[in-house]
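First residue of the sequence shown? That's 26 in the numbering used here, and the numbers climb one at a time after it.
Virtual Cβ for every residue (Gly too), placed ideally from N, Cα, C.
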Amino acid sequence: MNVIVTANGREALLDFGCGPRRAAIGRSGIGIKAREGDGLTPIGTWPFRKVMFRGDRVLAPRTRLKLWPIIKGDAWCDAPSDPRYNRWVRTPYGASTETLYRSDHLYDIAVELGFNDDPVVAGKGSAIFLHIARPDYGPTEGCIALAECDLVELLGYLAPGDTITIRP
């Protein structure tokens, strides 16, 4: 399956064959990602890697993708000069990280996409996740976000080898 994300400005839709769903994208829209922190959701086709979830808040979603429970201390390294850049780490960690075990509900379910990971290029941008949207669908830092019910439905269809294509 190839999931498609399209946007008109900051208004985005995600389609997986069951009708388009409203989505949130990066604060800078969709474009060619040039650097860490640019707020862009990157144009391209990326594989779905694994589904991370907060087992203390939600049930493990039904999916054929690999499941990874998020626990306290889980984080993602976003420091371009660090050898673990764009990789999972445990905190405390000696470089800049993004917390996966968040106080809000955005990462109660988060899907790691295969952006800048094979190989990792320092500074090109760290993880792009497909995660739960804010109630107002406010912009992300470059990720794609859906309503929780839409994300859970999508996960039921996904299998290893499936991809997501992001285009303007």
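- When DSSP states are grouped into helix, strand and coil, residue 54 belongs to the coil group.
- Distance from the CA of residue 107 to the CA of residue 166, rounded to the nearest whole angstrom, comes to 20 Å.
- Scanning its chain for C-beta atoms nearer than 7 Å, with the 5 sequence neighbours on each side dropped, one finds around residue 80 the residues 94, in chain order.
- About 5 Å separates the beta carbon of residue 121 from that of residue 103, a gap short enough to meet the 8 Å contact definition.
- In the three-state reduction of the DSSP assignment, residue 181 falls in the helix class.
- Contact annotation: the stretch 42-56 does not touch the stretch 130-144, with fewer than three C-beta pairs closer than 8 Å.
- Within a 10 Å sphere around the beta-carbon of residue 190 sit fewer than 16 other beta-carbons, which makes this residue exposed.
- Collapsing the DSSP output to three states places residue 175 in a helix.
- A direct Cα-to-Cα measurement between residue 172 and residue 133 gives close to 12 Å.
- Listed in chain order, the non-local C-beta contacts of residue 175 below 7 Å within the same chain comprise 46, local neighbours out to five positions each way being set aside.
- In its chain, beyond the 5 residues on either side, 100 have a beta carbon closer than 6 Å to the beta carbon of residue 124.
- Only exposed fits residue 26, as fewer than 16 other CB atoms lie within 10 angstroms of its CB.
- In the same chain as residue 58, and ignoring 5 residues on each side of it, the C-beta atoms closer than 6 Å to its own belong to 65, 67 and 150, in chain order.
- Here residue 142 has 111 as same chain residues with Cβ atoms under 7 Å from its own Cβ, once five neighbours each way along the sequence are excluded.
- Exposed is the label assigned to residue 193, since fewer than 16 other Cβ atoms lie within 10 Å of its Cβ.
- Straight across, the Cα-Cα distance linking residue 145 with residue 71 is about 14 Å.
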